[in-house]
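**Q** Residue numbers (my numbering): 9 to 290.
Built from N, CA and C at the ideal position, the CB exists for glycine as well.
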Ligand code: PAF
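(1) DSSP three-state call for residue 99: helix, strand or coil?
(2) Considering only heavy atoms of ligand 1, list every residue whose Cβ is less than 6 Å from one of them, following chain order.
(3) Can you give me the start and stop residues for the alpha helix (DSSP H) that residue 20 sits inside?
(4) Taking the alpha carbon of residue 13 as the reference point, which residue from 64, 36, 49 has its own alpha carbon closest?
(5) Measure the alpha-carbon distance for residue 35 versus residue 252 and round it to whole angstroms.
(6) Within the same chain, show all residues whose beta-carbon is closer than 8 Å to that of residue 282, passing over the 5 residues directly before and after it, in chain order.
(7) Can you list, in chain order, the stretches of the beta strand (DSSP E) that have 3 or more residues and sit fully within the region 141-172?
(8) Measuring alpha carbon to alpha carbon, tell me which of 134, 229, 147, 207 ends up nearest residue 30.
(9) When you compare the CB positions of residue 144 and residue 164, do they come within less than 7 Å of one another, or not?
(10) Output needed for residue 286: all residues of its chain with C-beta closer than 7 Å, excluding positions within five of it in sequence on either side, in chain order.
(11) Could you tell me the boundaries of the alpha helix (DSSP H) in which residue 52 lies?
(12) In the region 54-140, which residue ranges form an unbroken alpha helix (DSSP H) of at least 4 residues, counting only runs that do not cross its ends?
(13) With DSSP as the reference, please indicate the residues paired to residue 274 in a beta bridge.
(14) Do the region 115-134 and the region 84-92 touch if we need at least three Cβ pairs shorter than 8 Å?
(15) Does the beta-carbon distance from residue 184 to residue 47 come in below 7 Å?
(16) Assuming contact is defined by CB atoms lying nearer than 7 Å, are residue 39 and residue 59 in contact in what I supplied?
(17) Could you check what DSSP says for residue 188 in three-state terms: helix, strand or coil?
(18) Between the beta-carbon of residue 206 and the beta-carbon of residue 242, is there less than 7 Å?
(19) For residue 44, which residues of its own chain have a beta-carbon under 6 Å away from its beta-carbon, when the five flanking residues on both sides are left out?
(20) Counting C-beta neighbours from all protein chains within 10 Å, is the total for residue 96 16 or more, i.e. buried, or is it exposed?
(21) Please state whether the Cβ-Cβ distance between residue 260 and residue 226 is less than 7 Å.
(22) With DSSP as the reference, identify every bridge partner of residue 33, one or two as the case may be.
(23) Using the rule of at least 16 other Cβ atoms within 10 Å of the residue's Cβ for burial, across every protein chain shown, is residue 18 buried or exposed?
Take a look at the structure:
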């Protein structure tokens with residue numbers, strides 16, 4: 009595995025691979041890698057000749073600077089994991105390399121980027137589009153791999169790719185969960201033992217709610233999830249939205265959309281840590 013910090017070095021290497029007819033997979037990450045990321049890398053390695061993994065803690069997608077400050081940074085362990093999983097190139101640029109000038113581009117894809125995380129974290133998806141569009145321009149991947157854990161992020165990126173005719177195949181990959189059902193996330197390392205013990209209730213209750221589908225109306229399923237999770241000491245639902253799985257617009261009846269997904273964000277513990285998850289009803 010090669011570790012590269014400069015864009016021109018990355019592009020020289022990739023130019024050689026492309027000239028030799030190799031396919032390129034990209035796995036964008038912000039580091040603090042875990043089994044969820046490893047599954048994206050494995051998929052890319054299986055489906056492409058060359059796998060590039062970017063490790064870049066992108067400041068423009070953090071509207072809360074304290075969230076950025078406490079985000080775990082584990083570059084050495086990240087590189088060891090990537091090497092073990094067959095990565096060809098780890099791309100770990102500095103902030104100055106990626107943003108020599110402030111990025112003033114504005115991306116807007118409502119409702120995908122204006123609801124849920126978009127409403128709670130203004131500017132977040134704009135920052136995600138800024139960095140992902142730059143990474144796509146540097147790497148020109150055939151395939152790009154994203155975890156479905158950030159369900160909304162994939163919907164926004166798909167819109168951007170369609171809008172700008174980027175010609176990158178977006179590959180959504182299933183959520184990787186701990187044995188207790190908690191979705192793997194870099195933020196889980198910030199949970200205390202007690203918080204880690206209560207967090208799995210989120211997915212457990214969402215799974216229970218699937219048993220109410222389709223016999224009960226959308227609002228009953230919604231209220232079931234919110235009330236049950238809020239009844240757990242230490243958990244507080246920030247939002248739970250039952251939405252069209254493609255546009256992310258709210259649905260009010262099950263037959264309003266072809267695919268229907270429940271997306272949730274829950275505050276866990278005293279700090280608190282925001283935990284994101286989702287469940288597909290149909
Ligand atoms: O999902 C993430 O880790 C980030 O949002 C991404 C896609 C790497 C962009 O910084």
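**A** In terms of the structure at hand:
(1) strand
(2) 36, 37, 38, 66, 69, 136, 139, 140, 158, 161
(3) 15-27
(4) 64
(5) 26 Å
(6) 195, 246, 273, 274, 275, 276
(7) 151-155
(8) 147
(9) no
(10) 159, 269, 270, 271, 272
(11) 43-55
(12) 73-78, 83-92, 103-106, 125-128
(13) 245, 283
(14) no
(15) yes
(16) no
(17) coil
(18) yes
(19) 155, 184, 192
(20) buried
(21) yes
(22) 59, 151
(23) buried
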